[in-house]
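> To start, I am sharing the structure in question, which I have written as structure tokens.
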Amino acid sequence: MLKTKLTELLGIEYPIFQGGMSWIADAKLAAAVSEGGGLGIIAASNAPVEVVREMVRETKSLTDKPFGVNIMLMSDNAPAVAQMVIDEQVAVVTTGAGNPGKYIEGWKAAGIKVIPVVPTVALARRMERAGADAVIAEGTEAGGHIGELTTMALVPQVADAVNIPVIAAGGIADARGVSAALMLGAEGVQLGTIFICAQESPAHPDYKQLVLDAKDTDTVVTGRANGHPVRSLKNKFTRRILEMEKADAGFEAIENATVGSYRKAVQDGNMEEGTFMSGQIAGMVKEIQPAAKIVGDLMASTEEYLKTFTEKRGITLG
Ligand SMILES: Cc1cc2nc3c(=O)[nH]c(=O)nc-3n(C[C@H](O)[C@H](O)[C@H](O)COP(=O)(O)O)c2cc1C
Numbered sequence: 032m033l034k035t036k037l038t039e040l041l042g043i044e045y046p047i048f049q050g051g052m053s054w055i056a057d058a059k060l061a062a063a064v065s066e067g068g069g070l071g072i073i074a075a076s077n078a079p080v081e082v083v084r085e086m087v088r089e090t091k092s093l094t095d096k097p098f099g100v101n102i103m104l105m106s107d108n109a110p111a112v113a114q115m116v117i118d119e120q121v122a123v124v125t126t127g128a129g130n131p132g133k134y135i136e137g138w139k140a141a142g143i144k145v146i147p148v149v150p151t152v153a154l155a156r157r158m159e160r161a162g163a164d165a166v167i168a169e170g171t172e173a174g175g176h177i178g179e180l181t182t183m184a185l186v187p188q189v190a191d192a193v194n195i196p197v198i199a200a201g202g203i204a205d206a207r208g209v210s211a212a213l214m215l216g217a218e219g220v221q222l223g224t225i226f227i228c229a230q231e232s233p234a235h236p237d238y239k240q241l242v243l244d245a246k247d248t249d250t251v252v253t254g255r256a257n258g259h260p261v262r263s264l265k266n267k268f269t270r271r272i273l274e275m276e277k278a279d280a281g282f283e284a285i286e287n288a289t290v291g292s293y294r295k296a297v298q299d300g301n302m303e304e305g306t307f308m309s310g311q312i313a314g315m316v317k318e319i320q321p322a323a324k325i326v327g328d329l330m331a332s333t334e335e336y337l338k339t340f341t342e343k344r345g346i347t348l349g
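Read left to right, the sequence shown gives residues 32 to 349 (the working numbering).
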């Protein structure tokens, strides 16, 4: 059984997180992942706090195992959700898009494990000093809002810089990816793109099909011009946004064109106006499977891979 400092810290069976994903990471998906031995994470996104509270309660009704809530710090609901996770005694909080420093003391006092997503060594260090229990080092390969550094370059540098466990995210979807993350110094992994295609994921069937059909070069980054880069699958809509960026259409025009486009992808599968956020690893996702099977198979294959890879790959040592 593969155990790391992270499984010990959180009392979970496997060192695998299902990343918070706006509109997708709901109670059913998070509970299925936690039941499968990983850590399911509900995405608070921009939802009203009472909606997120309901998701927390529903998850608790579906599993006794630990799960987390992901808070998007730039969202208007962040202060209310930050208090709600204390009131509802959520086990783990992950944060995206910013610095959760001002909330950390309150969460820690409530016994919540705090795990910010970081795109750089500097933020990882700052989070450790502020009292974070671990950090998720997310590379630019990931789907959704991204930083500049690759997982390969970021994870070992963060692992060297902090003494708390590091979770690697971005571009991981099989035993080789998990093994590589462990070798780079991570104590666990966070996966997003593969869980878009979990059976329990509420993503529109056409969204799932786009991920299943994607090849290695099918994602693109929009929003660099606005300072909010987002990785999603190439389509007519991303082409239009990139053209606007090239033509210097301006912050507001681009914001207006993109607002609501991700919801249109997740709920309606709208090919004309949808932003289908996805990571570069989509090319490796080929099946819709139950979330617990994704987690279980990944762990079993990683254990096998770590035990046998030198022999199987014909690598000789010494
Ligand atoms: C569709 C989608 C939505 C996402 N939404 C969020 C979010 O709301 N908050 C967050 O912190 N990260 C978000 N992420 C990032 C994931 O939590 C995770 O770190 C990332 O997907 C891992 O990389 P991968 O896509 O290569 O598996 C999202 C990713 C995807 C693909």
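Glycine residues also receive a C-beta, built at the ideal position from the N, C-alpha and C atoms.
Taking a contact to mean a Cβ-Cβ separation below 8 Å, would you say A206 touches V186 in this structure?
Reading the sequence shown from its first residue, position 175 is the one you call residue 206. Reading the sequence shown from its first residue, position 155 is the one you call residue 186. Not in contact: A206 and V186 (Cβ atoms no closer than 8 Å).
> Could you please give the first and the last residue of the uninterrupted beta strand (DSSP E) stretch that includes F98?
As a position in the sequence shown, residue 98 is number 67, starting the count at 1. Note, F98: beta strand (DSSP E), 98-103.
> Quick one: is the Cβ of V148 within less than 7 Å of any heavy atom of ligand 1?
Counting from one through the sequence shown, the residue named residue 148 turns up at place 117. Because some heavy atom of ligand 1 lies under 7 Å away, the Cβ of V148 counts as near it: yes.
> Note down, in chain order, each residue of its chain lying with its Cβ closer than 7 Å to the Cβ of T333, except the 5 sequence neighbours on either side.
As a first step, residue 333 must be located in the sequence shown, where it is residue number 302. Result list for T333: L33, A206, V209, S210, in chain order.
> In angstroms, rounded to a whole number, what distance separates the CA positions of T289 and I177?
To locate residue 289, count along the sequence shown from 1; it is residue 258. To locate residue 177, count along the sequence shown from 1; it is residue 146. Going by the C-alpha atoms only, they are around 17 Å apart.
> Using 8 Å as the Cβ pair cut-off and three pairs as the minimum, do the region 267-274 and the region 316-333 touch?
No contact exists between the region 267-274 and the region 316-333.
> Nearest by alpha-carbon distance to F48: which of G69, M302, T38 is it?
The residue labelled residue 48 in the question sits at position 17 within the sequence shown. Considering only alpha carbons, the answer is G69.
> Let me know if K96 comes out buried or exposed under the rule of 16 or more other beta-carbons within 10 Å of its beta-carbon.
Mapped onto the sequence shown, residue 96 falls at position 65. By the 10 Å Cβ count, K96 comes out buried.
> Buried or exposed: I346, going by 16 or more other Cβ atoms within 10 Å of its Cβ?
Your numbering for residue 346 matches position 315 in the sequence shown. Burial call: exposed.
> Which residues in the same chain have their Cβ closer than 6 Å to the Cβ of V112, if we skip the five residues on either side of it in sequence?
Taking the first residue of the sequence shown as position 1, residue 112 is located at position 81. Excluding sequence neighbours, V112 sits near A75, V80, V83, I102.
> For ligand 1, is there any heavy atom lying closer than 7 Å to the beta carbon of I227?
The residue labelled residue 227 in the question sits at position 196 within the sequence shown. Yes; taking the cut-off as 7 Å, the Cβ of I227 has a heavy atom of ligand 1 nearer than that.
> Below 8 Å, how does it come out for the region 287-305 and the region 161-171: are there three or more Cβ pairs, yes or no?
No, because fewer than three Cβ pairs between the region 287-305 and the region 161-171 fall closer than 8 Å, the two stretches do not touch.
> Note down the Cα distance separating T248 from R262, rounded to an integer number of angstroms.
As a working note, residue 248 is residue 217 in the sequence shown. As a working note, residue 262 is residue 231 in the sequence shown. Each residue's alpha carbon lies about 12 Å from the other.
> Give the straight-line distance between the Cα atoms of D350 and V124, rounded to the nearest whole angstrom.
Outside the displayed range of the chain (32 to 349) lies residue 350, so it cannot be described from this structure.
> So which of A212, A313, K59, A163 has the shortest CA-CA distance to A322?
Within the sequence shown, residue 322 is the residue found at index 291, counting from 1. Nearest of A212, A313, K59, A163 to A322, Cα basis: K59.
> Is it right to say Q120 is buried, meaning 16 or more other beta carbons lie within 10 angstroms of its own, or is it exposed?
Against the sequence shown, residue 120 aligns to sequence position 89. Result: exposed.
> Is any non-hydrogen atom of ligand 1 found closer than 7 Å to the C-beta of G51, if you look at the structure I gave you?
Indexing the sequence shown from 1 puts residue 51 at position 20. Yes, the beta carbon of G51 sits closer than 7 Å to at least one heavy atom of ligand 1.
> What do you reckon, is the C-beta of I203 under 7 Å from a heavy atom of ligand 1?
Here residue 203 refers to the residue found at position 172 when the sequence shown is read from its first residue. Yes; taking the cut-off as 7 Å, the Cβ of I203 has a heavy atom of ligand 1 nearer than that.
> Do T94 and E136 have their beta-carbon atoms positioned less than 8 Å apart in this structure?
Counting from 1 along the sequence shown, the entry for residue 136 is found at position 105. Counting from 1 along the sequence shown, the entry for residue 94 is found at position 63. Not in contact: E136 and T94 (Cβ atoms no closer than 8 Å).
> Roughly how many whole angstroms lie between the Cα atoms of V193 and I203?
Position 162 of the sequence shown, counted from the first residue, corresponds to residue 193. Position 172 of the sequence shown, counted from the first residue, corresponds to residue 203. If you take the alpha carbons of V193 and I203, they lie about 22 Å apart.
> Kindly examine ligand 1 and report whether one of its heavy atoms sits closer than 7 Å to the Cβ of E169.
Start at 1 with the first residue of the sequence shown, and residue 169 comes out as number 138. Checking the Cβ of E169 against ligand 1 gives yes.
> For D244, is the classification buried or exposed, using 16 other Cβ atoms within 10 angstroms of its Cβ as the cut-off for buried?
Position 213 of the sequence shown, counted from the start, is the residue given in the question as residue 244. The residue in question, D244, is exposed, as its Cβ has fewer than 16 Cβ neighbours within 10 Å.
> Where does K239 land, buried or exposed, given buried means 16+ other C-beta within 10 angstroms?
By one-based count along the sequence shown, residue 239 stands at place 208. Per the 10 Å Cβ criterion, buried.
> For ligand 1, is there a heavy atom less than 7 Å away from the beta-carbon of E179?
Looking up residue 179 in the sequence shown gives position 148. Checking the Cβ of E179 against ligand 1 gives no.
> Is T224 near ligand 1, with its Cβ less than 7 Å from a heavy atom?
Reading the sequence shown from its first residue, position 193 is the one you call residue 224. Under cutoff, so the answer is yes.
> Using the three-state DSSP reduction, which class does A48 fall into: helix, strand or coil?
Start at 1 with the first residue of the sequence shown, and residue 48 comes out as number 17. Looking at the sequence itself, residue 48 is Phe, so the reference to Ala does not match. In the structure shown, F48 sits in a strand (DSSP, three-state: E or B).
> Just list the residues that DSSP pairs E169 with in beta bridges.
Residue 169 sits at position 138 when you count from the first residue of the sequence shown. In DSSP, E169 forms a bridge with A200.
> From this set, G142, E85, L273, which residue's C-alpha is nearest N257's C-alpha?
Residue numbering aside, residue 257 sits at position 226 when the sequence shown is read from its first letter. It is L273 whose Cα lies nearest to the Cα of N257.
> Do you know whose CA, among E342, A122, A128, lies nearest A109's CA?
For the purposes of this step, residue 109 is identified with residue 78 of the sequence shown, where counting begins at 1. Cα-wise, what sits closest to A109 is A128.
> For R344, which three-state DSSP category applies?
As a position in the sequence shown, residue 344 is number 313, starting the count at 1. Coil.
> Can you name the residues that DSSP bridges to L215?
Taking the first residue of the sequence shown as position 1, residue 215 is located at position 184. The partner list for L215 (beta bridge, DSSP) is empty, contrary to what the question assumes.
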